[in-house]
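Visitor:
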Amino acid sequence: MPELPEVETIKRTLNELIVDKHIDHVTVNLPRIIQRPDDIHAFAMELAGHRITGVERRGKFLRILLDGLVLVSHLRMEGRYGLYSQDDPVEKHTHVIFHFKDGTELRYQDVRQFGTMHLFPAGQDLLEKPLNKLGLEPMDESFTPEMLRDAVGTRSTSIKAALLNQSYVVGIGNIYVDESLFKAGIHPAQPAKSLTDSQFHVLHEAIVSTLGASIQVGGSSIKSFVNGQGKTGGFQHQLQIYGRNAKPCVNCGTLIEKSVVAGRGTHHCPVCQPLH
Ligand SMILES: [Zn+2]
1 MPELPEVETI KRTLNELIVD KHIDHVTVNL PRIIQRPDDI HAFAMELAGH
51 RITGVERRGK FLRILLDGLV LVSHLRMEGR YGLYSQDDPV EKHTHVIFHF
101 KDGTELRYQD VRQFGTMHLF PAGQDLLEKP LNKLGLEPMD ESFTPEMLRD
151 AVGTRSTSIK AALLNQSYVV GIGNIYVDES LFKAGIHPAQ PAKSLTDSQF
201 HVLHEAIVST LGASIQVGGS SIKSFVNGQG KTGGFQHQLQ IYGRNAKPCV
251 NCGTLIEKSV VAGRGTHHCP VCQPLH
């Protein structure tokens, strides 16, 4: 599943590819991708004639901004965007096509069909589902250790479960939680409310630097992630703990253990990340 760095990479790529393009018409081949409005014909009619002005991100959602509208798009497991010429053959699993006036097309492909699109009048998307209940944005300049502590520091769940909860902090999925907790020297099963202020400082730094490092190289390409230009990200080569079960820890050489925390496959070093 694309996580925050992957979606950020797709956002940046789409900003290079589709800004200022005018939508001529829209084809929807799989109605259930379109969650708002209810009627796919209304969806297509509302978008026709509009110009794309930018692409932003909230958590793992893309916000495609148009003059007067915002299209909120979640890729879920396998969704991906690609820019094509209208003459290019349409590949399998292409569910939505935005036909532009310049003869190019933005196509949305999704093998698993779990992705969603919601269309809103400008200014309304952040006030309604699915964006209105989202938590802190870890790549925002305003994100501080104190905000992280206030968001998760009273929770009796494991710190891993708390970090995965999108209503506390957005966009850090399984891979980046494991990497951040390893970097911070915190056991994934440690109760969130037992972390000290200094642990929150170290964890905050670890989250920001882990996500930032991944964005630098275009995300990771675990499974089938490919960004908007068909390039694969490079962060999987920098993973220090995720997917390294029974391999030696890069810090101390102890074999990395895999367990289940918060219902997810979890990697940790028993020496570097002691359970308090
Ligand atoms: Zn270690």
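Last residue of the sequence shown? That's 276 in UniProt numbering, and every number before it is there in order.
No residue lacks a Cβ here, since even glycine has one placed at the ideal position from N, Cα and C.
No experiment lies behind these values; they were computed from the predicted model shown.
(1) Please return the same chain residues whose Cβ sits closer than 8 Å to the Cβ of Lys247, not counting the five positions on each side in sequence.
(2) For Val260, which beta-bridge partners are listed by DSSP?
(3) Name the DSSP bridge partner or partners of Phe100?
(4) Starting from the N-terminal side, write out each stretch of the beta strand (DSSP E) that is 3 residues or longer and does not extend beyond the stretch 41 to 71.
(5) Note the first and the last residue of the continuous alpha helix (DSSP H) segment covering Phe120.
(6) How about Val28 and Ala44: do their beta carbons lie closer than 8 Å?
(7) Could you tell me whether the stretch 13 to 24 touches the stretch 96 to 115, using the rule of 3 or more Cβ pairs below 8 Å?
(8) To which residues of the same chain is Arg57 closer than 7 Å at the C-beta, ignoring the five residues directly before and after it?
(9) Tell me the DSSP secondary structure of Pro31 in three-state form.
(10) Identify whether Tyr81 lies in helix, strand or coil by the three-state DSSP scheme.
(11) Where does Glu138 sit, in a helix, a strand or coil, going by DSSP?
(12) By how many angstroms is the C-alpha of Gln86 removed from the C-alpha of Gly265?
(13) Apart from the five residues just before and just after Ser224, which ones in its own chain have a Cβ nearer than 7 Å to its Cβ?
(14) Considering only their Cβ atoms, is the gap separating Phe143 from Leu134 smaller than 8 Å?
(15) State the Cα-Cα distance for the pair Asp88 and Asn174, rounded to the nearest angstrom.
(16) Glu179 and Thr210: beta carbons closer than 8 Å?
(17) Just checking Asn251 against ligand 1 - is the residue's beta carbon closer than 7 Å to any of the ligand's heavy atoms?
(18) Of the residues Tyr84, Tyr108, Pro145, which one's Cα is nearest the Cα of Leu30?
(19) Please check the pair Leu119 and Glu3, which I expect to be a contact at CB under 8 Å, by giving their CB distance rounded to whole angstroms.
(20) Just to confirm the assignment, what range does the alpha helix (DSSP H) spanning Val250 have?
Guide: Result, derived from the coordinates:
(1) Stepping through the sequence shown from its first residue, residue 247 is reached at position 247. When the five nearest sequence neighbours on each side are left out, the beta carbons in the same chain lying within less than 8 Å of the beta carbon of Lys247 are those of Leu255, Ile256, in order along the chain.
(2) Position 260 of the sequence shown holds residue 260. Note: Val260 sits in a beta bridge opposite Gly265.
(3) For the purposes of this step, residue 100 is taken as the residue at position 100 of the sequence shown. DSSP, once it has assigned bridges, lists Ile23 as partnering Phe100.
(4) Taking 3 residues as the shortest admissible run, the stretch 41 to 71 contains the following complete beta strand (DSSP E) segments, listed from N- to C-terminal end: 52 to 58, 61 to 66.
(5) To locate residue 120, count along the sequence shown from 1; it is residue 120. Unbroken run through Phe120 is the beta strand (DSSP E), 116 to 121; no alpha helix (DSSP H).
(6) Taking the sequence shown and counting its residues from 1, the one referred to as residue 28 is at position 28. Taking the sequence shown and counting its residues from 1, the one referred to as residue 44 is at position 44. Using a Cβ distance threshold of 8 Å, Val28 and Ala44 count as a contacting pair.
(7) Cβ pair count under 8 Å is three or more, so yes.
(8) As a first step, residue 57 must be located in the sequence shown, where it is residue number 57. The answer, listed in chain order, is Val7, Glu8, Lys11, Arg63.
(9) Walking along the sequence shown from the start, residue 31 turns up at place 31. Three-state result, Pro31: helix.
(10) Numbered from its first residue, the sequence shown carries residue 81 at position 81. In the three-state reduction of the DSSP assignment, Tyr81 falls in the strand class, which pools E and B.
(11) As a first step, residue 138 must be located in the sequence shown, where it is residue number 138. Per the sequence shown, the amino acid found at residue 138 is Pro instead of Glu. Pro138 falls in the coil class under three-state DSSP.
(12) Working through the sequence shown from its first residue, we reach residue 265 at position 265. Working through the sequence shown from its first residue, we reach residue 86 at position 86. C-alpha separation (whole angstroms): 42 Å.
(13) Mapped onto the sequence shown, residue 224 falls at position 224. With a pLDDT of 39 at Ser224, under the threshold of 50, the modelled position of that residue is not reliable, and the figure given next carries that caveat. These residues qualify, in order along the chain: Glu78.
(14) The sequence position of residue 134 within the sequence shown is 134, counting from 1. The sequence position of residue 143 within the sequence shown is 143, counting from 1. No Cβ-Cβ contact shorter than 8 Å links Leu134 with Phe143.
(15) Mapped onto the sequence shown, residue 88 falls at position 88. Mapped onto the sequence shown, residue 174 falls at position 174. Answer to the nearest angstrom: the Cα atoms are 36 Å apart.
(16) Position 179 of the sequence shown, counted from the first residue, corresponds to residue 179. Position 210 of the sequence shown, counted from the first residue, corresponds to residue 210. It is a contact, given that the beta carbons lie within the stated cut-off.
(17) The residue labelled residue 251 in the question sits at position 251 within the sequence shown. Yes, Cβ of Asn251 sits closer than 7 Å to a heavy atom of ligand 1.
(18) Stepping through the sequence shown from its first residue, residue 30 is reached at position 30. Minimum Cα distance to Leu30 is reached at Tyr108.
(19) Counting from one through the sequence shown, the residue named residue 119 turns up at place 119. Counting from one through the sequence shown, the residue named residue 3 turns up at place 3. Their Cβ separation, rounded to whole angstroms, is 24 Å, which puts Leu119 and Glu3 out of contact at 8 Å.
(20) Start at 1 with the first residue of the sequence shown, and residue 250 comes out as number 250. Secondary structure note for Val250: it is in no alpha helix (DSSP H), with a DSSP letter that is neither H nor E.
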